[in-house]
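Numbered according to UniProt numbering, the sequence shown spans residues 1 to 298. This report refers to the structure that appears directly beneath it.
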Amino acid sequence: MSSLTEFHLLSVLAQEMNMRKAAERLFVSQPALSQRLVNIEKEWGSKLFLRSQKGLSLTPAGEIVLQFINEVLAKEEKVRESITALNSEVHGTLKIAVASIVGQNWLPQVLKKFVSRYPQAKISLITGWSSEILKSLYDDQVHIGIIRGTPDWKGIKIPLFKDSLYLVDTEITRPEQVLETDRPFIQFKSDSNYYQEIQDWWLRQFKTSPKRTIVVDQIETCKQMTFNGIGYAILPAITLNGAEKNIFKIPLLDENNLPIKRDTWLLGYESAFQLKQVQAFVELIKEHIEEEGKGYHP
1 MSSLTEFHLL SVLAQEMNMR KAAERLFVSQ PALSQRLVNI EKEWGSKLFL
51 RSQKGLSLTP AGEIVLQFIN EVLAKEEKVR ESITALNSEV HGTLKIAVAS
101 IVGQNWLPQV LKKFVSRYPQ AKISLITGWS SEILKSLYDD QVHIGIIRGT
151 PDWKGIKIPL FKDSLYLVDT EITRPEQVLE TDRPFIQFKS DSNYYQEIQD
201 WWLRQFKTSP KRTIVVDQIE TCKQMTFNGI GYAILPAITL NGAEKNIFKI
251 PLLDENNLPI KRDTWLLGYE SAFQLKQVQA FVELIKEHIE EEGKGYHP
């Protein structure tokens, strides 16, 4: 039976589908890699890859073998994590999935502290919408997730902070002025629950839709267009650092005249919280929030 080393070799080949690139990643020569592949295929009694000038492609037998190999390697990683957790030092890879807005505006300060305090630990980071973060957790691709909004989650969930929502513009100083301006409302694509929150506020406040709307992919694009006077936007405080010049920020209020705030949560399965790198990260986050007095009131 092939060894774990050979499993890693086949995994890299399947990722690259190119002998030269795979050889570079594995720090071996192409002829040596080609010979090792021939020997592995003899062991399995079947061709696993088809070679052509365009690169490699998996045979049907190769697909079956690679599925098995990926399962074995995933289990191997979990075993290694469990062994690492027995040691007192913080080692291993911390796998995090985080909502993009948090990953861009809040997490870097935390990660800087983490890598400084635990130089032996590694970090694997995925960013995306909160719905994508939840999927990464359900699929067991990450140890912990940081999402926006109130989660429907059965595992461990830790509240991190709340930040207010603001109507942001270079000209508008009162919410009702949006009905007078011809400049567009700039929106960024987001999870449906965030979008619904904005829609509810807007209809409650104005009983009508915006005159003109521009939708952009990224919140940073929305922010820069707003700061440059192209239109107005609704932005969470986490994106506003207080250094903005000539920008008006009007807090959004709910039906009880209280500020509308967005929650940020840390989620994970109980098994992940037994890992030392996860425990260390959670403790560091708690320290960071306490030090910063986070509530975001720019």
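We put the beta carbon where it would ideally sit given N, CA and C, even for glycine.
Within 10 angstroms of the beta-carbon of Glu-197 lie 16 or more other beta-carbons, which makes it buried. Contact check for Leu-10 and Leu-66: beta-carbon distance about 7 Å, within the 8 Å limit, so the pair qualifies.
Counting only the Cα atoms, Ile-214 lies some 41 Å from Glu-283. Contact check for Asn-105 against Thr-221 fails: the beta carbons are separated by 8 Å or more. Per DSSP, Ser-124 is one residue of the beta strand (DSSP E) stretching across 122-128. By the criterion of at least three beta-carbon pairs nearer than 8 Å, the segment 217-232 is not in contact with the segment 256-274. For Gly-92, the closest of Ile-101, Glu-81, Ala-32 and Pro-184 by C-alpha to C-alpha distance is Glu-81. In the DSSP assignment, Ile-230 falls outside any alpha helix (DSSP H), carrying neither H nor E.
Short of 8 Å from the beta carbon of Ile-101, and not among the five residues preceding or following it, lie these beta carbons of its own chain, in chain order: Arg-148, Ile-219, Pro-236, Ile-238 and Thr-239. For the segment 35-103, the full-length beta strand (DSSP E) segments reaching 3 residues or more read 49-52, 55-58 and 93-99 along the chain.
Per the coordinates, the alpha-carbon of Asn-241 lies some 12 Å from the alpha-carbon of Lys-249. Runs of beta strand (DSSP E) with 3 or more residues, each lying fully within the segment 158-220, are found at 185-188 and 213-216, listed in chain order.
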